[in-house]
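Colleague:
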Amino acid sequence: MGQSSITVIDPNQNQNYSRQNTTQEVEEQIKRAFKQASPQGRLTRDKFNEALGIFESIQLKRLRDTPLADRLYQLLDKSEEGYITEREYLEGITTLINNKDKRITYSFQMIDKNKDNKIEFQEFYDFVKDSWLSAFRLLGEKVCSGQNPYQLTQSKINAWAQGQLNKLYTQVQELFIKFAQQNNSMDPTVFRQWVISNEFGFIKAELGNESVQIPLHLYRLEEK
1041 MGQSSITVID
1051 PNQNQNYSRQ
1061 NTTQEVEEQI
1071 KRAFKQASPQ
1081 GRLTRDKFNE
1091 ALGIFESIQL
1101 KRLRDTPLAD
1111 RLYQLLDKSE
1121 EGYITEREYL
1131 EGITTLINNK
1141 DKRITYSFQM
1151 IDKNKDNKIE
1161 FQEFYDFVKD
1171 SWLSAFRLLG
1181 EKVCSGQNPY
1191 QLTQSKINAW
1201 AQGQLNKLYT
1211 QVQELFIKFA
1221 QQNNSMDPTV
1231 FRQWVISNEF
1241 GFIKAELGNE
1251 SVQIPLHLYR
1261 LEEK
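With positions in the sequence shown counted from 1, the corresponding number in the working numbering is that position plus 1040.
This is how it looks when you write it as structure tokens:
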């Protein structure tokens, strides 16, 4: 089925990136995105993807419909009441946009599912696997909603992605061992080393001229 890969981004790309909007303009856009998605002042999970459109509107990576979006919602719902307040949303999204160190912290917390301040291999692999399957699901939606010269169905694309999981497991295991070494887990320092190295920076699902990229961390939101 064409090519698929986990693509490494050149960490030296886009060093001169600068956002065109002022800080105040971006803050207004964030508030507007929240109000449009949650007129009652409470942002529920089913509306969160809509609110995350703010990233694309200011030329950052798409987070909508990705495993990162699911875990970001859980992270921002600090009160664990099943919704995000405007303050939680504004503080969280503003931090992600402006603070690259916090992006690493957030990314770590989002993968550390059991909250023991270390990421074990299974936690890491589960997240990468979810991102892999999500990338091909989105690719299938993209391909099947168009002219679809490949005559493929969503189920066939999903099945192909499932069939590659053994290879994915091996790749992820090799990466994890490289950084975790003998510790069998990543602490925040080791995790930061992985993120900055940008090995397995995002997953790229491709078919012909169509492609979808799913980031595996939040650090390089500016890089397309």
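All C-beta atoms in this analysis are idealised placements derived from N, C-alpha and C, irrespective of residue type, glycine included.
What you are looking at is a predicted structure, and each value in this text was computed from that prediction instead of being measured.
Tell me the DSSP bridge mates of P1255?
Modeller: Numbered from 1 along the sequence shown, position 215 holds the residue referred to as residue 1255. DSSP output for P1255 lists F1242 as bridge partner(s).
Colleague: Relative to the C-alpha of F1161, which residue among K1118, F1219 and E1121 is closest?
Modeller: Along the sequence shown, read from residue 1 onward, the residue named residue 1161 stands at position 121. Comparing Cα-Cα distances from F1161 to each of K1118, F1219 and E1121, the minimum goes to F1219.
Colleague: Would you report the Cα separation of K1284 and I1236, rounded to the nearest angstrom?
Modeller: Since the first and last residues shown for the chain are 1041 and 1264, residue 1284 lies out of range.
Colleague: Have a look at N1054 and E1239 and give me their C-alpha separation to the nearest angstrom.
Modeller: As a first step, residue 1054 must be located in the sequence shown, where it is residue number 14. As a first step, residue 1239 must be located in the sequence shown, where it is residue number 199. Annotation note: pLDDT 38 at N1054 (below 50); position unreliable, coordinate value reported separately. Answer to the nearest angstrom: the Cα atoms are 17 Å apart.
Colleague: Would you kindly work out how many angstroms separate the C-alpha atoms of I1133 and Q1213, rounded to a whole number?
Modeller: On the sequence shown, residue 1133 is found 93 positions in, with the first residue counted as 1. On the sequence shown, residue 1213 is found 173 positions in, with the first residue counted as 1. Roughly 32 Å between the two C-alpha positions.
Colleague: In the structure shown, what three-state DSSP assignment does L1265 receive?
Modeller: The displayed coordinates of the chain run from 1041 to 1264. Any statement about residue 1265 would go beyond what the structure contains.
Colleague: What does the Cβ neighbour count give for P1255, buried or exposed, with the cut at 16 atoms within 10 Å?
Modeller: Numbered from its first residue, the sequence shown carries residue 1255 at position 215. The residue in question, P1255, is buried, as its Cβ has 16 or more Cβ neighbours within 10 Å.
Colleague: Compare the C-alpha of S1147 against each of Y1123, Y1129, I1124 and Q1114 and name the closest.
Modeller: In the sequence shown, counting from the first residue as 1, residue 1147 sits at position 107. Checked all of Y1123, Y1129, I1124 and Q1114; the closest Cα to S1147 is Q1114.
Colleague: With H, G and I counted as helix, E and B as strand and the rest as coil, what does DSSP make of I1124?
Modeller: Taking the first residue of the sequence shown as 1, we reach residue 1124 at position 84. It is a strand residue.
Colleague: With H, G and I counted as helix, E and B as strand and the rest as coil, what does DSSP make of G1248?
Modeller: Here the question's residue 1248 lines up with position 208 in the sequence shown. In the structure shown, G1248 sits in coil (DSSP, three-state: anything other than H, G, I, E or B).
Colleague: Report the three-state DSSP secondary structure of E1160 (helix, strand or coil).
Modeller: Taking the first residue of the sequence shown as 1, we reach residue 1160 at position 120. Looking at E1160 - three-state DSSP - the assignment turns out to be strand.
Colleague: Have a look at H1257 and I1159 and give me their C-alpha separation to the nearest angstrom.
Modeller: For the purposes of this step, residue 1257 is taken as residue 217 along the sequence shown, with counting starting at 1. For the purposes of this step, residue 1159 is taken as residue 119 along the sequence shown, with counting starting at 1. About 14 Å.
Colleague: For V1066, tell me which candidate among Y1190, F1095 and R1082 has the shortest Cα-Cα distance.
Modeller: Translated into positions along the sequence shown, residue 1066 becomes position 26. Selected option, being the one with the closest Cα: F1095.
Colleague: At what residues does the alpha helix (DSSP H) containing E1067 begin and finish?
Modeller: By 1-based counting over the sequence shown, the position of residue 1067 is 27. Taken as a continuous stretch (DSSP letters only), the alpha helix (DSSP H) holding E1067 covers T1063 to A1077.
Colleague: If I follow the unbroken alpha helix (DSSP H) through P1228, where does it start and stop?
Modeller: Position 188 of the sequence shown holds residue 1228. Its alpha helix (DSSP H) spans residues P1228 to S1237.
Colleague: Quick check on this structure: which residue in Y1165, Y1123 and S1171 has the alpha carbon closest to the alpha carbon of Y1209?
Modeller: As a first step, residue 1209 must be located in the sequence shown, where it is residue number 169. That would be Y1165, whose Cα lies nearest to the Cα of Y1209.
Colleague: Below 8 Å, how does it come out for the region 1117 to 1131 and the region 1192 to 1201: are there three or more Cβ pairs, yes or no?
Modeller: Contact between the region 1117 to 1131 and the region 1192 to 1201 is absent, because fewer than three Cβ pairs lie under 8 Å.
Colleague: Excluding five sequence neighbours on each side, which residues of the same chain lie with their C-beta closer than 6 Å to the C-beta of R1232?
Modeller: Position 192 of the sequence shown, counted from the first residue, corresponds to residue 1232. Excluding sequence neighbours, R1232 sits near I1144.
Colleague: Starting from S1185 and walking both ways along the alpha helix (DSSP H), at which residues does that stretch end?
Modeller: Looking up residue 1185 in the sequence shown gives position 145. Per DSSP, S1185 belongs to no alpha helix (DSSP H) and is neither H nor E.
Colleague: Let me know if P1107 comes out buried or exposed under the rule of 16 or more other beta-carbons within 10 Å of its beta-carbon.
Modeller: The residue given as residue 1107 occupies position 67 in the sequence shown. Per the 10 Å Cβ criterion, buried.
Colleague: Name the residue from L1103, T1084, L1136 and R1085 whose alpha carbon lies nearest to the alpha carbon of G1093.
Modeller: What you label residue 1093 is simply residue 53 of the sequence shown in a count that begins at 1. The option with the nearest alpha carbon to G1093 is L1103.
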